[in-house]
Structures are given as C-alpha cells and as structure tokens.
Amino acid sequence: MCGIVGYIGQNNAIPVVIEGLQRLEYRGYDSCGIALLNVTGINLEKVTGKVNKLQGALAQQQTSSPVAIGHTRWATHGPPTVDNAHPHVSQDGKVALVHNGIIENYKILRDELENSGYEFSSDTDTEVVVALISQAYHGNLESAVREALSHVIGAYGLAIIHADEPEKIVCTRKGAPLIMAVGENEYFVASDVAAILKYSKDVIYLDNEEIGVLTPDGIKTYSSDENQIAKKIHKITFNLEEVEKGGFEHFMLKEIFSQPQTIHDAMRGRLLPEEGNAHLGGLNHMIGSILHADQRYFTACGTSWHAALIGEMMFEQFARLPSEVEYASEFRYREPLVDTKSIVFAISQSGETADTLAAIQEAKNRDATVLGICNVVGSSIARETEAGVYIHAGPEIGVASTKAFTSQVTVLSLLTLKLARLMGMSDADGLEIAQAMQRLPEDVEWLLKQADQIAEIAKLYADASNFLYLGRGVNFPVALEGALKLKEISYIHAEGYPAAEMKHGPIALIDRSMPIVAIAPQDKTYDKIISNIEEVKARHGRVIALATQGDTRIKDVADHVLYVPPALSFTAPILNVIPLQLLSYYIAVERGCNVDQPRNLAKSVTVE
Ligand code: F6R
30 MCGIVGYIGQ NNAIPVVIEG LQRLEYRGYD SCGIALLNVT GINLEKVTGK VNKLQGALAQ
90 QQTSSPVAIG HTRWATHGPP TVDNAHPHVS QDGKVALVHN GIIENYKILR DELENSGYEF
150 SSDTDTEVVV ALISQAYHGN LESAVREALS HVIGAYGLAI IHADEPEKIV CTRKGAPLIM
210 AVGENEYFVA SDVAAILKYS KDVIYLDNEE IGVLTPDGIK TYSSDENQIA KKIHKITFNL
270 EEVEKGGFEH FMLKEIFSQP QTIHDAMRGR LLPEEGNAHL GGLNHMIGSI LHADQRYFTA
330 CGTSWHAALI GEMMFEQFAR LPSEVEYASE FRYREPLVDT KSIVFAISQS GETADTLAAI
390 QEAKNRDATV LGICNVVGSS IARETEAGVY IHAGPEIGVA STKAFTSQVT VLSLLTLKLA
450 RLMGMSDADG LEIAQAMQRL PEDVEWLLKQ ADQIAEIAKL YADASNFLYL GRGVNFPVAL
510 EGALKLKEIS YIHAEGYPAA EMKHGPIALI DRSMPIVAIA PQDKTYDKII SNIEEVKARH
570 GRVIALATQG DTRIKDVADH VLYVPPALSF TAPILNVIPL QLLSYYIAVE RGCNVDQPRN
630 LAKSVTVE
C-alpha cells in the first residue's frame, strides 16, 4: 500500500527516487520522505501530503547524494504526520529505513525497547525495526537486519541504510512486494517495477526473507540462512508509456479506454474462434483436476471478488461445475471445507493483496491445489500458486480497478468455455460463444463512443448522495461492481442488488433523490426488470437503464437509456460494466474528486 524506492549508483539519487515515488503515489499518498546517504551521514526530509511538496523542500536544500531511499505512505499505525512519515531513523541517527507492510508484534517489541531506554519518535509499528537493527549493528548491516528480523512477526518490504556503510542499501521482504533492478552502474530497489522502469527493465524478484545488498559494484542476494544465492534477472515486457497518462486526463480514463486492447490481449492466442473453444497454456495440465475436483472455490477481494462471482456463475451455468466464491478475508477464518481434492482459484490484479495471500496459505495448509488469475507478472500470488493464467492487462495505475476487471472476466470466460466444451457443450454453442468473445473489443470500442452521452447524464446526477444498482444473473456482480466504482471515486453511497430483491427492502429508500441504475438486457428476465423499473417510477425514482441496442420499449419507462450491443450472457458482464465505469468516472470528475487517488484508498492492499 505504500511505495518504496531506493537508488545507489554514480548519479544523483534524488531525482530518481523522487520520480519513482511520483510513479508510486497511487499506492499511498498521505505523506512521504527521503533519506540521503553520503560520507557525512544521513540527511532526512519528510513532509505530509504529496511527493511534489517533498520535491520542493529538497530543491531548496540544493543537495545531492549517490544513495537514497524514499517512501510514500498510506497510514496504518499513526496518523499521517511528519513524525510518522518514512524513512524512520534510529535514535543515534545512524540507521534509516522505509517499510511497507505491518509489524504485528510491534507493541511487545516497543514495550521491551522502551523498558531498555530506547526513545521512540513516532507512533508507527515500523520504528521498532529501526531500533532493533540499530541495537543489532556491529559493523555489518545485512547481519544486523537478519538478527533484527528474527524478532519480528509480520509482513514487510524494507530498504535500509547505515551511516557507517555509506555505499550500501540492504533490502528484504516477507509478504510485501519488493524488487531490485540492475542499470548501468546503478542499482535500484522498489516496491513496484513502475518506479524504476525509466532506468531499467532488468529486474530481480526477491523471495520471502531473502536479503539483497546493493552497492555501487552490483547486487548480491542472500538466502535467509546467510548463503549467497544466484538470482535470475527477468526482463520487464511493458514500456514506460504504459505507466504514463498518454494524453488522458486521468489514468482511470486511460485504462477504461484501453479495454478494447486489453481484452484482446487477454484473449490473444487463447481464444479459438474457428473451433469454438479456448486454450489456456498455463492451466492445460490442470484441466483434469479442475473438472474432477470435489470442490471448486474462487477467492478474491473487492473488484476481483466481483469477477470471481461471475466466474462461479459461468462455471455453473455453462460448464455445469458446482463452485463457490468466498471473500479471501473470510476464507481463512471459516474453516473452509477444502482438502487435497479441492481446487482454489485466487484472483488478484496486483498479486499482492494480503487477504488473498492469506487465503492461499490457508488453502495450501489444507493441501488444496491453488491456481492464480493474476495481472502482475512475478507477483507474490503468481509465485505462491501452483499454476495459473496471467490476464495481461498491463500496469493498472488508477486506484479504482477497471481494465483488470474486464480482463479477469475475459480469462474466466475462456476457462469456462474450455471446461464447458469438455463437459459436453455443443460445437454450435461453442462457436457462438467464441465468436461473441471475438467481437468483444469491437463492441467495447462502440460503447466507449457513448462517453459524451454518459458525461452529460453524469452532470444530472453528480449531486446525489445515494445510488442503487440493480442487475440479475451475471449482471448482479456487474451491479455490485458499478456501485463499488461509484463509491470509491465519488464518495457517493451506492449499493448493488439483484433487481428482484429491491422489493424485499431497498424499495423503502426510493424517492426522487435516489437514482437507480438498472441493467436491463433483453434476456429471460427482461420483463421482470421492466416491472422493477416501473415500481421505481411509481415512487418517483429516477432511472438510468442499460439496455440492448434497438430496445425501444425501455425508453417509455426509464429516464435515460444507455445502449449496449446485443450480448450473450457469456459476454454481457464485460460489456455492461463499461458504461458503469464511465458513469462513475464522469460523476467523480463532476464532483471535483481526485479520481486516480481517492481518499483513504490505495492500490494493492498489502495489509490484512
Ligand atoms: C476496486 C479495487 C479493489 C481491489 C481489491 C483487490 O476498484 O481496486 O477492490 O479489487 O483490493 O485487489 P487485487 O485484485 O489486487 O487483489
């Protein structure tokens, strides 16, 4: 949730670290700081607020340094103040570190350290790690880090410097992301590749509890038992443009508009339109286990959980394979009925969500086979799962997930198609579905052309305080996703409901001030949804309907109609979510909200 960047090399570290932090601001943005290291010791600068402010403060100092570590924070322990901002420095001023994650036993450690006379200057859990390293230091930073962390319970990505070793950054991770990268006589550490992509595409992924040591001469990596190990250098395949706005006002808008391409990328080489089938290389050897498993679970959080709900419905409806969905945060604690005959799909854009990682661990402890559906290559979830599929959506920077959702659903659709064919779906049905999937990029392109109309509608509803989203079948998770998008970025309270459930309670809320978004495709529940819309109108509610292109009847009941190309229930969720993403976006813009960095949120929730 926080961002870490560190640099060591022949150039001035400050602009590299500042720029890296700016690229990581989507991960946390309530305060930030940098620690510079040179022969005169550690020089610290911290501010509340954004990295621009930190940049301004450093410009006044006119200083430079070949070594620096920086951090942008999303507060967990202690409010966003300068004292609580990272880097944290030891009492003797010699150790500085930045931390991403949570130290679970910090209270006990802090009490012990205070009893021994150590004085803390922040409310954070992180500061105990600085104190422990400082106490364990006897001339070698990596040894001190190893010794200090043997007392720590929790999750961490850490970059650490010591004034007595001015040509060294030590880094390590456990349960929180951290990579190292190799440049031309310069080396980097970061919590996210985006931070350093401008300088290097050669990345080393640290595994849990490994220690990386960066010096001007190179990078060395050690296992937790102190042995030096050789690590593979991975080539990053995406480009700098993918982490830039590219002329769009916000990353979220860019990502919404990139969906024709990202959906195409998720299907590339996998959809077999001529055969009415799909091929997923990463799961090929697992298909038999998926078909014959006693239980199939999907586990995920937030938007990815909505994709999981769609996956479950598709597995059951088309492949006739019973499945269940569980919030990752609940999975772990409900003694799930999984065992060696179970398959658990973990779905995650970032691949770093702590709740999902904990659910994976729980499933593994119970000997289940865990498969991943992930976006970020080399992420913790990608590495913790036995096999899986990458969704290939490219970096998602907007905090509210958009393109990752449609790519997740695309991959789940491909998997369903593959399984359904093996379970007896006819050639004709397979071909119809595969051809509808092939048309998706073009249909999404068509939907994006409605953006101006949606922006006009958004103006009429931007002052609402509550919204209700209604949908049925596979469109119920879409209603949930529409509501989540709206609340995240516009701070309007919104709820998603199965349309027919409205009359069992929420109808009490309906009046002119509560807009309803009704997903009303011309499928088998169409007449029922029309009745629901009429029930809303009878109570003076205002309705924005999503309807199938060519549907004229709906105009008589809804206040506004957003048309969607005709779709099978297989492809409907991907198409229907696009206007809802745009509606949330334009409402948030109309309300003057910070769309890409909504309050209290951060991309990638690496704490449980
Ligand atoms: C919503 C959103 C979050 C994430 C959730 C899971 O727009 O982005 O709800 O979907 O935190 O994140 P991942 O998919 O990275 O595991």
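Following the working numbering, the numbering of the sequence shown begins with 30 at its first residue and continues without gaps.
Positions of the beta carbon are idealized from the N, C-alpha and C atoms, including for glycine.
Because the structure is a prediction, the values reported are computed rather than measured.
Considering only DSSP beta bridges, list what residue i is partnered with.
| i | result |
| --- | --- |
| residue 390 | Bridge partners of residue 390: none, in fact. |
| residue 495 | 522 |
| residue 61 | 76, 101 |
| residue 263 | 232 |
| residue 282 | Paired residues: none, contrary to the question. |
| residue 306 | 301 |
| residue 243 | 198, 248 |
| residue 258 | 250 |
| residue 324 | 371 |
| residue 37 | 96, 216 |
| residue 355 | 328 |
| residue 275 | Bridge partners of residue 275: none, in fact. |
| residue 398 | 372 |
| residue 589 | 573 |
| residue 377 | 403 |
| residue 527 | 500 |
| residue 32 | 101 |
From residue i to residue j, what does the alpha carbon distance come to, in whole angstroms?
| i | j | result |
| --- | --- | --- |
| residue 83 | residue 121 | 24 Å |
| residue 53 | residue 373 | 31 Å |
| residue 556 | residue 606 | 21 Å |
| residue 629 | residue 103 | 8 Å |
| residue 248 | residue 594 | 53 Å |
| residue 392 | residue 637 | 17 Å |
| residue 506 | residue 497 | 13 Å |
| residue 177 | residue 117 | 15 Å |
| residue 321 | residue 371 | 9 Å |
| residue 491 | residue 523 | 13 Å |
| residue 4 | residue 144 | Since the displayed the chain opens at 30 and closes at 637, residue 4 lies outside it and no answer follows. |
| residue 337 | residue 165 | 46 Å |
| residue 288 | residue 263 | 27 Å |
| residue 315 | residue 415 | 10 Å |
| residue 210 | residue 599 | 41 Å |
| residue 508 | residue 473 | 18 Å |
| residue 545 | residue 571 | 6 Å |
| residue 354 | residue 339 | 10 Å |
| residue 151 | residue 418 | 42 Å |
| residue 408 | residue 485 | 40 Å |
| residue 171 | residue 307 | 48 Å |
| residue 268 | residue 403 | 19 Å |
| residue 611 | residue 282 | 8 Å |
| residue 278 | residue 618 | 10 Å |
| residue 167 | residue 191 | 11 Å |
| residue 632 | residue 608 | 22 Å |
| residue 563 | residue 586 | 6 Å |
| residue 57 | residue 232 | 23 Å |
| residue 309 | residue 445 | 11 Å |
| residue 304 | residue 344 | 20 Å |
| residue 319 | residue 34 | 40 Å |
| residue 351 | residue 63 | 51 Å |
| residue 332 | residue 513 | 8 Å |
| residue 530 | residue 74 | 54 Å |
| residue 174 | residue 162 | 6 Å |
Please tell me whether residue i has its Cβ less than 8 Å away from any Cβ of chain D.
| i | result |
| --- | --- |
| residue 208 | Absent from the structure: chain D. Only one protein chain is present. |
Is residue i near the ligand ADP, in the sense that its beta carbon is under 7 Å from a heavy atom of that ligand?
| i | result |
| --- | --- |
| residue 197 | Inclusion of the ligand ADP in the displayed structure is not the case, the ligand content consisting of the ligand F6R alone. |
Requested in this report: Could I get the ranges of all uninterrupted alpha helix (DSSP H) runs contained in the region 151 to 237, with 4 residues as the minimum, in chain order?
Outcome: 156 to 165, 170 to 178
**Report entry** Start-end ranges of the beta strand (DSSP E) lying completely within the region 530 to 586, minimum 3 residues
**Finding:** 545 to 549, 572 to 577
Requested in this report: Go through the region 65 to 150 residue by residue and report every complete run of the beta strand (DSSP E) that reaches 3 residues or more, in order.
Outcome: 70 to 77, 96 to 102, 124 to 132
Report task. Could I get the ranges of all uninterrupted alpha helix (DSSP H) runs contained in the region 400 to 435, with 4 residues as the minimum, in chain order? Result -> 409 to 413
**Report entry** Validate contact between the region 455 to 463 and the region 575 to 595 using beta carbons, cut 8 Å, 3 pairs
**Finding:** no
Query - Neighbourhood of the ligand F6R [Cβ distance below 5 Å to any heavy atom], ordered by chain position - result: 330, 331, 332, 333, 377, 378, 379, 382, 429, 430, 634
Query - Sequence ranges, alpha helix (DSSP H) only - wholly within the region 591 to 623, length at least 4 - result: 601 to 619
Report task. Any chance you could list the beta strand (DSSP E) runs of at least 3 consecutive residues sitting entirely within the region 436 to 503, in chain order? Result -> 495 to 500
Query - the region 213 to 230 contacting the region 250 to 258, beta-carbon criterion three pairs below 8 Å - result: no
Query - Contact between the region 144 to 157 and the region 189 to 205 (3+ Cβ pairs under 8 Å) - result: no
Query raised in the report: Can at least three beta-carbon pairs, one atom from the region 92 to 110 and one from the region 40 to 50, be found at a separation below 8 Å?
Result: yes
Query raised in the report: Is there contact between the region 74 to 83 and the region 121 to 138, where contact requires at least three CB pairs shorter than 8 Å?
Result: no
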